[in-house]
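See structure below.
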């Protein structure tokens, strides 16, 4: 507790985990809070959770670690969905932060290995190259941006590249970029689809980039186990994570996934945004 007359360090970065629904993913969230978005590096933390207590009890070990040891605020609100939680991050509430990281709950973010993710370096590259929103490359994303970057057409393996769309997995926003992103949010967009392909159209002056020297893993679809070579020597063990079936309850699948696309009307399709390609900013070992 901070007493009268005492001072406290005010963190200038906020990591938001959106949203906790599967119990097995809590170990991934704990690992990234512990090793990537650390309080000691200036990151405050909030995790939104739609899971009922019978699915993720309050005494779950990883949830307790997040809440008690790692000082991550847990906001459990069953009935809310991904897009609903984002509306709680209104600019007046987060204006003290210079950077806001938005992270899905099913992301394994390695902190060791050739393509380890370093949030400090990502922010440094944002500052150096006037980037407003940045993401590491993502293994098993929907649109295979890593494969696109490494193709003969682009030859951008390991490079920092400007793009017209970042699919939402792990993104770091500048304060101004988050303000503009927030202006798109609407109560009909609970599912959250279309915000990624509408973003650049809504905020054309922002610079979006992937850093393909770093790779996070989307633990969904075809991935059935943690990559052993990236967890050897860490606290994570192979047995710590196994896939769970898709969540079909709580009304998520009954909503209009394309509500924002319909509302915005003039948003480019995902295909149109991807077809704009990617442009080299810098390649390793350059910073």
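In the numbering used here, the protein residues as written are 429 to 715.
C-beta atoms are modelled at their ideal positions from N, C-alpha and C, and glycine is treated no differently.
Endpoints, beta strand (DSSP E) assigned at residue i
i, result
"residue 515", "Unbroken run through residue 515: none, as it is neither H nor E."
"residue 626", "That residue, residue 626, is in no beta strand (DSSP E); its alpha helix (DSSP H) goes 623-630."
"residue 792", "Examination of residue 792 is not possible in this model, given that the chain is present from 429 through 715 alone."
"residue 690", "Residue 690 -> not in any beta strand (DSSP E); alpha helix (DSSP H) instead, spanning 687-692."
"residue 531", "527-531"
For residue j and residue i, the rounded distance between their alpha carbons
i, j, result
"residue 626", "residue 689", "7 Å"
"residue 630", "residue 517", "18 Å"
"residue 445", "residue 609", "17 Å"
"residue 666", "residue 533", "18 Å"
"residue 607", "residue 596", "17 Å"
"residue 431", "residue 488", "Confidence at residue 431 is low in this model, with a pLDDT of 41, below 50, so the placement of that residue should be treated as unreliable; the coordinate-derived value is given next. Roughly 31 Å between the two C-alpha positions."
"residue 537", "residue 562", "15 Å"
"residue 657", "residue 552", "27 Å"
"residue 709", "residue 484", "43 Å"
"residue 482", "residue 585", "44 Å"
"residue 673", "residue 570", "18 Å"
"residue 703", "residue 497", "45 Å"
"residue 520", "residue 502", "20 Å"
"residue 623", "residue 701", "12 Å"
"residue 694", "residue 507", "30 Å"
"residue 505", "residue 580", "46 Å"
Cutoff 6 Å; reference residue i; Cβ partners in own chain excluding five residues on either side
i, result
"residue 526", "440 and 603"
"residue 543", "642 and 643"
"residue 449", "478, 479 and 675"
"residue 460", "537"
"residue 647", "534 and 536"
"residue 513", "446, 447 and 476"
"residue 467", "499"
"residue 463", "539"
Burial state of residue i, where buried means 16 or more other Cβ atoms lie within 10 Å
i, result
"residue 699", "exposed"
"residue 478", "buried"
"residue 437", "Residue placement at residue 437 is flagged as unreliable, the pLDDT there being 49, under the threshold of 50; the coordinate-derived value follows with that caveat. That one is exposed."
"residue 476", "buried"
"residue 628", "buried"
"residue 618", "buried"
"residue 575", "exposed"
"residue 633", "exposed"
"residue 620", "buried"
Residues near residue i in its chain [Cβ-Cβ closer than 8 Å; skip 5 each side]
i, result
"residue 650", "568"
"residue 529", "441, 442, 443, 444, 465, 471, 547, 598, 599, 600 and 601"
"residue 661", "540"
"residue 577", "565, 584, 585, 587, 589, 638, 640 and 706"
"residue 550", "562, 564, 600, 639 and 642"
"residue 616", "684, 687, 688 and 691"
"residue 697", "625"
Residue span of the alpha helix (DSSP H) that contains residue i, given as start and end
i, result
"residue 489", "489-492"
"residue 442", "Not the alpha helix (DSSP H): residue 442 falls in the beta strand (DSSP E), residues 441-448."
"residue 577", "573-577"
"residue 458", "454-463"
"residue 659", "656-659"
Cβ of residue i within 8 Å of any chain B Cβ
i, result
"residue 587", "Among the protein chains of the structure shown there is no chain B, as only one such chain exists."
Residues near residue i by beta carbon distance below 7 Å, same chain, minus five either side
i, result
"residue 635", "558, 559, 560 and 590"
"residue 495", "502"
"residue 493", "458"
### Any alpha helix (DSSP H) of 4 or more consecutive residues that is wholly inside the region 535-570
With a minimum length of 4 residues, the continuous alpha helix (DSSP H) runs that stay inside the region 535-570 are 547-556.
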